[in-house]
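Trainee:
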Amino acid sequence: MRGLRAWIWVFLAAAALFLAFQLGSKFSFPKTKTSEDSVVLLEKIRTVCKLVTAEGEFSEIYSYKESKWFDVSFLSKKALIRVKAKVSVGYDLSKIKVEPDEKSHTLVISGMPPAEILSVDHDLDYYDLSEGFFNSFSTEDYNKINADAKDFVISQVKKSSLMQAADKKRDELINVIRFMAEASGWKILLLNQGIADQKLN
Numbered sequence: 001m002r003g004l005r006a007w008i009w010v011f012l013a014a015a016a017l018f019l020a021f022q023l024g025s026k027f028s029f030p031k032t033k034t035s036e037d038s039v040v041l042l043e044k045i046r047t048v049c050k051l052v053t054a055e056g057e058f059s060e061i062y063s064y065k066e067s068k069w070f071d072v073s074f075l076s077k078k079a080l081i082r083v084k085a086k087v088s089v090g091y092d093l094s095k096i097k098v099e100p101d102e103k104s105h106t107l108v109i110s111g112m113p114p115a116e117i118l119s120v121d122h123d124l125d126y127y128d129l130s131e132g133f134f135n136s137f138s139t140e141d142y143n144k145i146n147a148d149a150k151d152f153v154i155s156q157v158k159k160s161s162l163m164q165a166a167d168k169k170r171d172e173l174i175n176v177i178r179f180m181a182e183a184s185g186w187k188i189l190l191l192n193q194g195i196a197d198q199k200l201n
C-alpha cells in the first residue's frame with residue numbers, strides 16, 4: 001500500500017512539474033515563441049525561390065556568317081538557323097530582403113526585383129549550311145552559334161511585351177506573400193523602388 005502511495009506521489013509531482021514547465025514556457029518566454037514564428041514564416045517564403053509569372057514561345061530566324069581572310073563567298077561559311085524557344089519570365093525571390101519586426105508582428109520587405117528572364121529552353125534547326133574552302137564548321141562553331149542564338153532570343157524577348165506582362169503580376173506576388181504572412185498572424189510593410197510604400201493589413 002505504501003508502495004502504491006509512493007508511486008502516486010511521484011506521478012503527481014511529475015505532472016505538476018510538467019504543468020509548471022508548460023505554463024512557464026507559454027507565459028514566461030513569449031519572445032522565444034515570436035522568434036520561432038518569424039523564422040518559420042521566413043522559411044516558408046524562402047522555399048519558393050523563383051516565381052514564373054509569364055511564359056512565351058518564340059520562333060526566329062538567325063543568320064550566321066564567318067569569313068576567312070577575305071569576305072568572299074568561297075572563303076565564307078554561313079548558316080541560316082530557325083530558333084524555337086520557350087522563355088519563362090518572373091521573379092527571383094532570393095533577391096528579396098525580409099526583416100521581421102517581432103514587436104509589431106510586421107514583416108518589412110524590400111528589394112523587390114523587377115521581372116527578369118528565368119529560363120530559356122531553345123532548339124536550333126539548321127536548314128541552310130554552306131562552307132567555304134579551308135573554312136568548315138567545327139564543334140566550337142556550333143557551340144558559338146548555339147550561344148549566340150540564345151542571346152539573340154533574349155534580345156528579342158526584351159523587345160517584346162512579355163516583360164511588361166510579367167511586371168503586371170507583381171501585385172499577385174505581393175498578395176501571395178501577404179497571404180502567407182496573415183496565415184501566421186503577421187502584417188506586411190513593403191518598401192521598394194518604383195512602388196509606393198504600402199502596409200497590407
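Take the sequence shown: its letter number 155 is residue 155 in the UniProt record's numbering, and every next letter is one higher. Virtual Cβ for every residue (Gly too), placed ideally from N, Cα, C. All values derive from a computational prediction rather than experimental measurement.
#1: Around the Cβ of A183, are there at least 16 other Cβ atoms within 10 angstroms (buried) or fewer (exposed)?
#2: Using a Cβ distance threshold of 8 Å, determine whether the region 145-164 contacts the region 92-106, with at least three qualifying pairs required.
#3: Cutting at 6 Å between CB atoms, please list the residues of its own chain near K50, excluding the five before and the five after it.
#4: DSSP puts Y126 in a beta bridge; with which residues?
#5: Pick from D128, Q164, L190 and W186: whose alpha carbon is nearest that of Y62?
#6: Throw me the rounded Cβ distance for the H122 and K84 pair, which I believe falls under 8 Å.
#7: What does the alpha-carbon distance come out to for the pair residue 212 and E60?
#8: Can you list the beta strand (DSSP E) stretches of 3 or more residues lying completely in the region 88-118, in chain order?
#9: Tell me which same chain residues have a C-beta within less than 7 Å of the C-beta of Y126, skipping the five on either side of it?
#10: Write down the C-beta distance between A54 and K150 rounded to the nearest angstrom, noting that I regard them as a contact closer than 8 Å.
#11: From the DSSP output, in three-state form, read off S136 for me.
#12: Rounded to a whole number of angstroms, what is the C-alpha to C-alpha distance between L107 and F58?
#13: Closest to N175 by C-alpha separation, out of K77, S104, I109 and K86, would be which residue?
#14: If distances are taken between C-alpha atoms only, which option among L173, K86, S138 and G56 comes closest to E66?
#15: Can you tell which of S130, L124, K159 and K158 has its C-alpha closest to the C-alpha of N143?
#16: Exposed or buried, V87, counting other C-beta atoms within 10 Å across all chains shown (16 or more means buried)?
#17: Use the C-beta contact count for K103: other C-beta atoms within 10 angstroms, 16 or more gives buried, fewer gives exposed.
#18: Starting from the N-terminal side, write out each stretch of the beta strand (DSSP E) that is 3 residues or longer and does not extend beyond the region 140-177.
Mentor: In brief:
#1: As a position in the sequence shown, residue 183 is number 183, starting the count at 1. A183 sits exposed, since fewer than 16 C-beta atoms from the chains shown fall within 10 Å of its C-beta.
#2: With contact defined as three or more Cβ pairs closer than 8 Å, the region 145-164 and the region 92-106 are not in contact.
#3: Along the sequence shown, one-based indexing puts residue 50 at 50. Taken in chain order, the residues that qualify are D92 and L118.
#4: Looking up residue 126 in the sequence shown gives position 126. DSSP lists I81 as partners of Y126.
#5: By one-based count along the sequence shown, residue 62 stands at place 62. It is D128.
#6: Working through the sequence shown from its first residue, we reach residue 122 at position 122. Working through the sequence shown from its first residue, we reach residue 84 at position 84. Yes, they are in contact, since the Cβ atoms of H122 and K84 sit about 7 Å apart, within 8 Å.
#7: Residue 212 is absent from the structure shown; the chain starts at 1 and stops at 201.
#8: Complete beta strand (DSSP E) runs here, min 3: 97-101 and 106-110.
#9: In the sequence shown, counting from the first residue as 1, residue 126 sits at position 126. A79 and I81.
#10: Counted from its first residue, the sequence shown places residue 54 at position 54. Counted from its first residue, the sequence shown places residue 150 at position 150. About 19 Å; that fails the 8 Å criterion.
#11: Counted from its first residue, the sequence shown places residue 136 at position 136. In the structure shown, S136 sits in coil (DSSP, three-state: anything other than H, G, I, E or B).
#12: If you number the sequence shown from 1, residue 107 lands on position 107. If you number the sequence shown from 1, residue 58 lands on position 58. Computed Cα separation, rounded: 39 Å.
#13: Here residue 175 is taken as the residue at index 175 of the sequence shown, counted from 1. Nearest option by C-alpha distance: I109.
#14: To locate residue 66, count along the sequence shown from 1; it is residue 66. Selected option, being the one with the closest Cα: S138.
#15: Translated into positions along the sequence shown, residue 143 becomes position 143. N143 has its Cα closest to that of L124, out of S130, L124, K159 and K158.
#16: Looking up residue 87 in the sequence shown gives position 87. By the neighbour-count criterion, in which 16 or more other beta carbons inside 10 Å mark a residue as buried, V87 falls on the buried side.
#17: Mapped onto the sequence shown, residue 103 falls at position 103. So K103 counts as exposed.
#18: none
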